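Numbering (the numbering used here), first residue to last: 15 to 302.
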Amino acid sequence: MKYFGIFLVLFSISTSSFSQIDLLHHDTQPDEVAETKPFVIGDEVTMYSSILDEDRVINVYLPKSYKKATHKDYPVIYLLDGSRDEDFIHISGLVQFASFLWIDMVPESIVVGIANTDRKRDFTFPPSVADHSQNFPTAGGSEKFINFIEMELQPYIEKSYRTTRTKTIIGQSLGGLLVTEILFTKPHLFNNYLIVSPSLWWDEEALLKKQPAIIHANYKVSKNIFIAAGGKEDDVIKRETKALFTLLQGSENNAITTNFELLEDQNHADILHLAAYKGLQTIFKKEE
Numbered sequence: 015m016k017y018f019g020i021f022l023v024l025f026s027i028s029t030s031s032f033s034q035i036d037l038l039h040h041d042t043q044p045d046e047v048a049e050t051k052p053f054v055i056g057d058e059v060t061m062y063s064s065i066l067d068e069d070r071v072i073n074v075y076l077p078k079s080y081k082k083a084t085h086k087d088y089p090v091i092y093l094l095d096g097s098r099d100e101d102f103i104h105i106s107g108l109v110q111f112a113s114f115l116w117i118d119m120v121p122e123s124i125v126v127g128i129a130n131t132d133r134k135r136d137f138t139f140p141p142s143v144a145d146h147s148q149n150f151p152t153a154g155g156s157e158k159f160i161n162f163i164e165m166e167l168q169p170y171i172e173k174s175y176r177t178t179r180t181k182t183i184i185g186q187s188l189g190g191l192l193v194t195e196i197l198f199t200k201p202h203l204f205n206n207y208l209i210v211s212p213s214l215w216w217d218e219e220a221l222l223k224k225q226p227a228i229i230h231a232n233y234k235v236s237k238n239i240f241i242a243a244g245g246k247e248d249d250v251i252k253r254e255t256k257a258l259f260t261l262l263q264g265s266e267n268n269a270i271t272t273n274f275e276l277l278e279d280q281n282h283a284d285i286l287h288l289a290a291y292k293g294l295q296t297i298f299k300k301e302e
């Protein structure tokens, strides 16, 4: 029994020692084999806008092939509400997914996300309605913002990156209002317009009362327009988006292709991702 007791003591000591060595090994192993580095999907650019008289942050997603395929140019998708804390990351991921070879829904594209400073200012034209001016005291700066896109942002992107002439813009809510205004006032800025749940109620539906030049037969410029609303959204939004579709669908210009989709299960908060998927699928649909 004496020898058995000594054996148990020695066994306990050795087991404890091996356990401590094993724990020490596991504690140090991750530090020995792991390497941490930033996960980068593109560029964050801070550019000064003389038109807006402020710095603006622009996020740029670059396709995987961009650095190696130096001979290749890429279409550009411009995204309103495009900061990393808004819609830039999930829309960039959607574009990446849609451009996989085995999906082949969208060509590999650069995504340019325009981060906000004051979206109520930038996405709205001056209202004639008094309560709009009171409730949105900074509103009315869309003309300057559109000029910023045309005269500063697009030239910067085209100078700094390898781009084709194909340009798409995506906007939701007030962003959808701005995209509609661009389509109506400066349609040459983009080839494709993806308009989601636009706030066409702004200024008592002033945009819907306009007759944009683009709908007339003598304006022969090819445009692809996709409009979406959610089935669980406010009835006003559903009515207005359908009215916009009807206005554009009645165009005498055969170069315009307009599609509308009511996403029955979506509301104003969750519609953008699915609408962007449907819109890109429709706009870039390949001929059978």
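Cβ coordinates follow ideal geometry from the N, Cα and C atoms, glycine included.
The model shown is predicted, which means the values in this text are computed figures rather than measured ones.
Run the CB neighbour count on residue i, radius 10 Å, all protein chains shown included, and call it buried at 16 or more, exposed below.
i, result
"alanine 257", "exposed"
"glutamate 278", "exposed"
"leucine 115", "exposed"
"aspartate 99", "exposed"
"glycine 245", "exposed"
"proline 151", "exposed"
"valine 126", "buried"
"glutamine 225", "exposed"
"serine 174", "exposed"
By how many angstroms is the C-alpha of residue j removed from the C-alpha of residue i?
i, j, result
"phenylalanine 259", "leucine 221", "13 Å"
"glycine 155", "asparagine 268", "32 Å"
"lysine 181", "valine 109", "14 Å"
"glutamate 275", "leucine 66", "35 Å"
"threonine 272", "lysine 234", "15 Å"
"aspartate 249", "lysine 292", "21 Å"
"aspartate 284", "alanine 231", "37 Å"
"tyrosine 75", "glutamine 263", "33 Å"
"serine 211", "methionine 61", "29 Å"
"proline 201", "serine 265", "14 Å"
"threonine 131", "glutamate 68", "9 Å"
"proline 140", "alanine 153", "6 Å"
"arginine 133", "phenylalanine 159", "10 Å"
"serine 97", "glycine 185", "13 Å"
"phenylalanine 198", "leucine 261", "11 Å"
"lysine 51", "alanine 290", "31 Å"
"serine 187", "glutamate 219", "14 Å"
Over what stretch of residues does the alpha helix (DSSP H) that includes residue i continue unbroken?
i, result
"glutamine 186", "Per DSSP, glutamine 186 belongs to no alpha helix (DSSP H); it is in the beta strand (DSSP E), 177-186."
"asparagine 149", "144-149"
"tryptophan 216", "216-219"
"serine 174", "168-174"
"alanine 257", "249-263"
"asparagine 161", "156-162"
"aspartate 136", "133-136"
Where does the unbroken beta strand (DSSP E) through residue i begin, and where does it stop?
i, result
"aspartate 99", "Run containing aspartate 99: none; DSSP gives neither H nor E here."
"glycine 293", "Per DSSP, glycine 293 belongs to no beta strand (DSSP E); it is in the alpha helix (DSSP H), 285-297."
"asparagine 206", "206-210"
"isoleucine 124", "124-128"
List the residues that DSSP assigns as beta-bridge partners of residue i.
i, result
"arginine 70", "Met61"
"threonine 272", "Ile239"
"glycine 107", "None; glycine 107 has no bridge partner."
"isoleucine 120", "Note on residue identity: the sequence assigns valine, not isoleucine, to residue 120. According to DSSP, which records beta bridges pairwise, valine 120 is partnered with nothing at all."
"tyrosine 92", "Val126 and Ile183"
"tyrosine 75", "Gly56 and Val125"
"glycine 244", "Leu277"
Say whether the segment 204-214 touches the segment 239-251, bearing in mind that this needs 3 or more beta-carbon pairs closer than 8 Å, one atom from each stretch. Contact holds: three or more Cβ-Cβ distances are below 8 Å.
Would you say the segment 53-71 touches the segment 84-92, given that touching needs at least three Cβ pairs under 8 Å? Because the criterion of three Cβ pairs below 8 Å is not met, the segment 53-71 and the segment 84-92 do not touch.
Please determine if the segment 166-174 and the segment 188-196 are in contact, where contact requires at least 3 C-beta pairs separated by less than 8 Å. The segment 166-174 is not in contact with the segment 188-196.
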